[in-house]
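Participant: Once you've had a glance at the structure underneath, I'll fire off some questions.
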Amino acid sequence: MKTLKYFSILALILSISSCKDFLDIKPQGELTQEVFPTSPSDAQLATNAVYASLRNWHYHSGGFPILDIMSDDTHKGSNPNDALNTVGPYDNFTHTATQDGLDRWWSTLYEGIKRANVVTEKVPLISMDTNLRSRYVAEAMFLRGLFYFDLVRAWGGVPLVLTTTPPLKVPRSTADEIYEQIEIDLLYAVARLPERSAYSSMELGRASKGAAKSLLAKVYLFQNDFVNAEKYALEVINGTEYYDLEPEFAHANSRDGEHGIESVFEIGAFELESDLGNQYANTQGVRGTPNRGWGFNRPSENLRFAFDENDPRMDATIIDLGEELDEILILGDGTTPDFVYDDNGNIIERECYNQKVWIPGSNTASQQGHNRRLIRFADVLLMAAEALNENNKPGDAHVYLNKVRNRARGGNNEILPDITETDKNALRDIILNERRFELALEGHRYWDLIRTGKAAQVLGPLGFIVGKHEVLPIPQNEIDISQGTLIQNLNWN
Amino acid sequence: MKINLRKMLFSWRVIVITGTAMLLSAGAFSQRLVQGVVTTAETGETLPGVNIVIKNTTRGAASDLDGRYSLEILPEDKILVFSYTGYEVQEVEVGSGNTLNIALKESKQLLDEIVVIGYGTVRKSDLTGAVSSIKSEDIRKITSSDPTQALQGKVTGVQVTTTSGAPGAGLSVRVRGVGTFNNSAPIYVVDGVILDDISFLSSGDIASMEVLKDASATAIYGSRGANGVILISTNRGASEVGKPVVTLSSEYGIQQLARKIDLLSGKEFASVSNVIRPGSYNNVDAVPNTDWQDLIFRAAPKQSHQLSISGSTPAADYYVGIGLFQQDGIIPKSNYQRLSLKLNNTYRLFKNVTFGNNITIAPYQRRNAPGVTYAVYRAQPLLEPYYEDGSFGVVYNVGNPLADLEYSNSYNNGLRGVGNIFAEAKIHKDFTLKTSFGIDAAYNKSTSFTPAYTVFNPDGTASQQDIEFSNLYKGSNENLNWLWENTLSHLKTFGKHSFNSVAGFTMQKSRSEYFNLSGRNIIRDERDFWYIIPPYIMDEANNINTLQSIGNGVDAGLYYSMMSVLARVNYTYDSRYIFTVTFRRDGSSKFAPENRFSNFPSFAAGWNIANEEFMKDFPVITMLKLRASWGMIGNEKISYFDRFSRVNSGLFAVFSNPDASYPAATYGKSGNPDLIWESTTQTDIGLEVGVLNNRLTGEFDYYRRVTDDILVELSTPGHLGNGQGQRVRYNAASVLNSGYEFNIRWRETKRDFTYGVGILGTTIYNEVLAIGGNSGIDSVLMGGYLGNGQPVTLSRVGLPIGAFYGFVTDGIFQNLAELDAYPHQSLAGVGDLRFVDTNDDGKINGLDRTYIGSPIPKFIFGINFELAYKAFDFSLDLQGQTGNKIFNGKDVVRPDPYNFEGYVRDHWTGEGTSNNIPRPSFGGYNYSPSDYFIQDGSFLRLRNIMFGYTLPENLVKKIKLQKVRLYVKGNDLYTLTKYTGYTPEIGGYDVLSNGIDNGVYPLSAVYSVGLNINF
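In order, the protein sequence lines correspond to chains A and B.
All residue numbers for the first sequence refer to the working numbering, where the first residue is 2 and numbers rise by one.
All residue numbers for the second sequence refer to the working numbering, where the first residue is 119 and numbers rise by one.
Encoded structure:
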């Protein structure tokens, strides 16, 4: 029985002394959220992580350029069967609340917001260089504003989350409340972000004061607050920070113009098929030969023939079969018909691709290196022109509008004459058209049509229904999971 | 040689004679001869071959063909022990006479059988749980790298699926249905060490396997018992002191492709192509015909050798085994070999204390074939494998499988060491204390190398098989798991009361780590250069190792600690009434402190009706026992970090021109600190019957298992910011498995003739009772992905786990009128499949996809025959299942023009020509997942057929051997099934992907010869 006694004692000691430690295992090689971010280098890591969201494929409207596809500028693209039931419905407004891509975009924008909230909530508690700390927070605020701006434009009022620990159920705020928060965030960013030139060349791509002001101008434009839109657009144009148009239109989006004078805010990406690349361009890249991508977002015949026939921007926007780009012959895809005709023999679609995402090369990896320009100076000029016209200053509007047209001319004074129209309504239409030609396939057209009230007229024939298609439906699974907390948009049930 | 052998025999004789002479000199005056006849008590027939041993010695004799024996007896010899298989052992005092006739009684063998259960043993008659056993003879009938395969068709309630014919491939094992959405595999306990698999064990080292099925049996394993427990006892030295027993088993077999898939020939493919794309081939008679299956598959050897020595001395008993298993695959370049060294000892060096060890060390090496079955199935048969110059011909879309084989080099090798040392102290006449410390150490290294190579198109340009740079991958992982178990057993009988109890305390810790790296552009292709050596230069121009990736971390499933207390009381009253109470309390590091511990109780009762007074009137019934059990058991096979909210540090920001990457880190998805154990409540009612002296036995069970709190990953609201597609684990589903098991066996020995037949079966009813998210995507679990990532299983309340879903077809659109009259997708045309508008909304779309079959069999069964006459023995084992479906996943994914299965020959060619096989196409509409690709997965397989011959004893004795048996055997020679793939046994990478045939390494039929020798 002695052995038993020793054994019992041993067992008892073991179970009491080591129980707690023995069963306590921390994650190996990974930090837990209780201990991050807590140091100056953590603060930088956490801030950088918000930018990483911008290269997330789903950040770009759920992976597919559905906003352009919903406009009159493009069709689904790729070969006829590819994503016919997933992306195809956006092309003719038959998409539903369960449509592929909606939930990805929604949850990825909120993922970006969470990353921004990590910075805004935790970084101020870190003891470090106060200037740097305030810049990090301002960068996060800028990006949070950017994410919410997508949310509010796409869905209207959405749940407003400003902490890392939101409750499971958060009802939708109103669109006005979301806009109010975006303005708070961007004004904070405007006040504390450095100008672009204050960053070292190694940090080009971080949010700057100019980017924040440009985004703010746009946010006001979407609320028809033309006074503030004019104010911030002109501050960018006339401010001390030097922005200008690339001499050559094509460089505004190409590799040559990356982080150039026209770039106000852009998303850097490596020419790699990895986390460092950006599949946004790969999704739209030339399909077939050369094999650059999937070929979604095919420019429509409508867009092609909307350009003034001499406008060089058409050729710089659309890649046609047989074209040679950077010494690479575009042959296209065998499974995609070169032309699609209607019953009367008219071309309704032809195989062609988005040239604005083109990066020289012949494989899919290099295509991923396209730096998407979220805000470029031409956009700011046209925003200024639009706001000035609305504020009854057509003369001033002409200055900025014609600056854009002048660059588009490429030195050929025979084409694209200066605009002198002073009728407010007529000039509004001219500016809207100029936006279409200048910014085609860059994700602006659909929202421009909505905010200017032209959607019914332009998109009606494509299936657009007034009172419904101004916004997207809240993803059905979000409605389901919320168990009644989230209310679907009007006419989407 | 002959002379030498004679000399040797002669010298043996000298030794024997000398030894005998010494014995004679020791007791020359007092020896005497005892002789007699051994008969059966029941019939009085004489019994040949009865073993007669003088107790506490190694001396003895055997009865001859007439049952006669004779023995030299010394004065100190008091007792003779008579033993014969199937009869009770009798000990008889020698007395003073010279004649001793004995009548042996047939044993009520089943009643007296000792059954191994968790942390102890129990007499079969005192068992209240549902436990199935399989003995070593049956385990050895199947030559496999994994001994678990021997359970196929041999025990009730267990479904063992051979999912791949690849050498050394694993098995899928399910006990009583599929109990969870997570890991549903049972645990294995080898001589007390708890393990996840036994692929390292040699069949020849195993003495018995017991499958614990109901809660009464498994609750002692608490949180790990929910999916069944398989106990393995390995061989030990004899418990009685005797001379060493040396056995040698050797087997050599040839494997052949068991079934070929019927695919189109070159001409047939050209003809079908001409239907799809008219004018593709001008002269279908002129196209080549390549049978890719014949080019790839080969006959390959498989062999197994086992040598063991066991015995017992007063101070120790010992078992030493060495086994070699070697298998080449029927796909060239694939093979597996394993050496297993086994050492089991028990030492009796102190009074009341024994100690010992059980150790297995198994180094292995496996070479993996590339996934050529993918290309073999799809390669167009009218392409030639080689060009005229002998170089590899292009195979469009899938690559030339012969080139894949030529350039693929993939190896795994490693070492597994499993063992324990134990000490047992009899601290009191009723109490035994046992402590055991065991380890399971595994080291595995994988290496794969592909040289740069190109298969060219006929025009000289590179085809898609174009590897620009050689690449090399090296990975290793190691796992160390220790287990310390301490138990106190109590065994006491007084009056009519009998107790068999155990209590214990256990601790276990498992650690793991992996490293891997890959490089490319290795300087030479030979194996001597397969190393990734610094400096890593990112400039390919320098033709030096270029580092591609590095990985390091822990295997989250193998990183945990556990601590438990356990207890069981088995009480028997008057050999009639039995009660068992079992309890285990487990603590696991996988759960947060407040949920860390959980209790697992079970209760069971048994009634040996045959032992009742009133049964005396029915002597024909030898055994009749009713038993019932209820209990709760758990499953904790999840990764350890699901409860933590972790930081995602694998992120980058990209700034600057040219691009520069900046490391980034932020909050990852939220963990769920509230996780608790999955728990299974199981009820079992069983009846055991034996009649006619147990010549006929039967065992019947009803089981009902309900698993609650199943861990499933659910979507979280997007606004939490967990990210796209990220799910968080919750305890949020329930599953029911229920059914009946029966095992009926007739076995009879008449003189030198023995025959037996057994039939056993299990029914399985599986139903999902609840899935946590009560809405939208979380009311179902989708899985079972095809090669293109499309899910084809959907689990929802009311359906079995992993049920197939897709369109329902209803014939073929025969003409335009039919097409127009029925809703259809725009892509559908005349001659295409008609998908049913299951929701009657006038449209055919994703919403019309519905339940189209279950991968879980309704009934699994086995039929076994045995026959022995004098020196000859014969056995035949059949195994099968019915009621399950297979999704022919390899046929359905067709992005490019591939070859077709033979059924396409009979395709629709015009109105009325076929209403089940549509017009041919290289892909598209008809290949939407539908019940068109669902096939009946029922099968009946000839698992084993064996014919053996034991050499006559007198001949064997002449060469100083005890026993020599020769046999010929066939495994998996024939399978009766309607399924068109290589094998109807289709597993899956998880429970949601069962029964989807995305292409498997084919099963082979094995023809073997073998030899067993006892020295």
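Glycine residues also receive a C-beta, built at the ideal position from the N, C-alpha and C atoms.
1) Where does PRO519 of chain B sit, in a helix, a strand or coil, going by DSSP?
2) Should GLN29 of chain A be flagged as near chain B, meaning a C-beta pair shorter than 8 Å?
3) Any Cβ of chain A within less than 8 Å of the Cβ of GLY1128 of chain B?
4) Which residues mark the beginning and the end of the beta strand (DSSP E) in which ARG292 of chain B is found?
5) Give the residues from the stretch 817–843 of chain B that approach chain A closer than 8 Å (Cβ to any Cβ), ordered along the chain.
6) Does the CB of SER774 of chain B have a neighbour CB from chain A at under 8 Å?
7) Is it a yes or a no for the stretch 319–337 of chain A touching the stretch 65–85 of chain A, going by three-plus beta-carbon pairs under 8 Å?
8) Run down chain B in chain order and give the residues with a C-beta less than 7 Å from the C-beta of GLN182 of chain A.
9) Cutting at 6 Å between CB atoms, please list the residues of its own chain near LEU621 of chain B, excluding the five before and the five after it.
10) Is ALA144 of chain B close to chain A, meaning its C-beta is less than 8 Å from at least one C-beta of that chain?
11) Quick one: measure Cβ to Cβ for PRO1120 of chain B and LEU375 of chain B, integer angstroms, because I've assumed they're closer than 8 Å.
12) Count the other CB atoms within 10 Å of the CB of ASN538 of chain B; is the residue buried (16 or more) or exposed (fewer)?
13) Going by DSSP, what residue range makes up the alpha helix (DSSP H) through TYR233 of chain A?
14) Below 7 Å CB to CB, which residues in the same chain sit around TYR1050 of chain B once its five sequence neighbours on both sides are set aside?
15) Name the residues in the stretch 509–536 of chain B whose C-beta lies less than 9 Å from a C-beta of chain A; which are they?
16) Can you check which of these residues, A:MET142, A:ASP245, A:ILE70 and A:ARG207, is closest to TYR189 of chain A by C-alpha distance?
17) Can you tell me whether VAL36 of chain A is helix, strand or coil according to DSSP?
18) Report the three-state DSSP secondary structure of HIS495 of chain A (helix, strand or coil).
19) Which residues, in chain order, does the stretch 331–350 of chain A contribute to contact with chain B at a C-beta distance below 9 Å?
20) Just mark PRO711 of chain B as buried or exposed, buried being the case when its beta carbon has 16 or more other beta carbons within 10 Å.
21) Note down, one range per segment and in chain order, each alpha helix (DSSP H) of at least 4 residues found wholly within the stretch 301–387 of chain B.
22) Find the nearest neighbour of ILE756 of chain B within the set B:ALA543, B:SER428, B:PHE318 and B:SER679, judged by alpha-carbon distance.
23) Between PRO172 of chain A and chain B, is the shortest Cβ-Cβ distance under 8 Å, so that the two count as touching?
24) Can you pull out the residues from the stretch 308–321 of chain A whose beta carbon lies closer than 7 Å to at least one beta carbon of chain B?
25) Mind listing the chain A neighbours of ARG764 of chain B? Cutoff is C-beta to C-beta under 8 Å, in chain order.
26) In the DSSP assignment, what are the bridge partners of ASN562 of chain B?
27) Based on Cα-Cα distance, which residue from A:GLN489, A:TRP295, A:ILE67 and A:PRO313 lies nearest to ASN414 of chain A?
28) What is the C-beta distance between VAL249 of chain B and ILE235 of chain B, in whole angstroms, given that I count them as a contact (C-beta under 8 Å)?
29) Figure out for me which residue from B:VAL329, B:ASP1014 and B:THR158 has the closest Cα to the Cα of LYS223 of chain B.
30) Go through the stretch 334–412 of chain A residue by residue and report every complete run of the alpha helix (DSSP H) that reaches 4 residues or more, in order.
31) Where does VAL1118 of chain B fall in DSSP's three states?
32) According to DSSP, simplified to helix, strand and coil, what is ASN490 of chain A?
33) When the cut-off is 8 Å and only beta carbons count, does ASP657 of chain B lie next to chain A?
34) Distance cutoff 8 Å, beta carbons only. Does MET142 of chain A sit that close to anything in chain B?
35) What's the gap between the Cα of VAL1124 of chain B and the Cα of GLY1088 of chain B?
36) Using the three-state DSSP reduction, which class does TYR454 of chain B fall into: helix, strand or coil?
Facilitator: Considering the structure as presented:
1) helix
2) yes
3) no
4) 289–293
5) SER833, THR834, PRO835, GLY836, HIS837, LEU838, GLY839, ASN840, GLY841, GLN842 and GLY843
6) yes
7) yes
8) Neighbours of GLN182 of chain A on chain B: none; closest Cβ ~14 Å, over 7 Å.
9) According to the sequence displayed, residue 621 of chain B carries Ala and not Leu. Result list for ALA621 of chain B: LEU606 and ALA685, in chain order.
10) Reliability fails at ALA144 of chain B, whose pLDDT of 42 lies under 50, so the model's placement of it is uncertain and no value is given.
11) 6 Å
12) buried
13) 227–239
14) THR927 and LEU951
15) none
16) A:MET142
17) helix
18) Outside the displayed span of chain A (2 to 494) sits residue 495 of chain A, for which this structure offers no information.
19) none
20) exposed
21) 333–336
22) B:SER679
23) no
24) none
25) PRO28, GLU31, LEU32, THR33 and GLN34
26) B:GLY532 and B:ASN595
27) A:PRO313
28) 7 Å
29) B:THR158
30) 365–368, 378–391 and 395–410
31) coil
32) coil
33) Interpretation of ASP657 of chain B is limited by its pLDDT of 49, a score under 50 that renders its predicted location unreliable; no figure is taken from the coordinates.
34) no
35) 6 Å
36) strand
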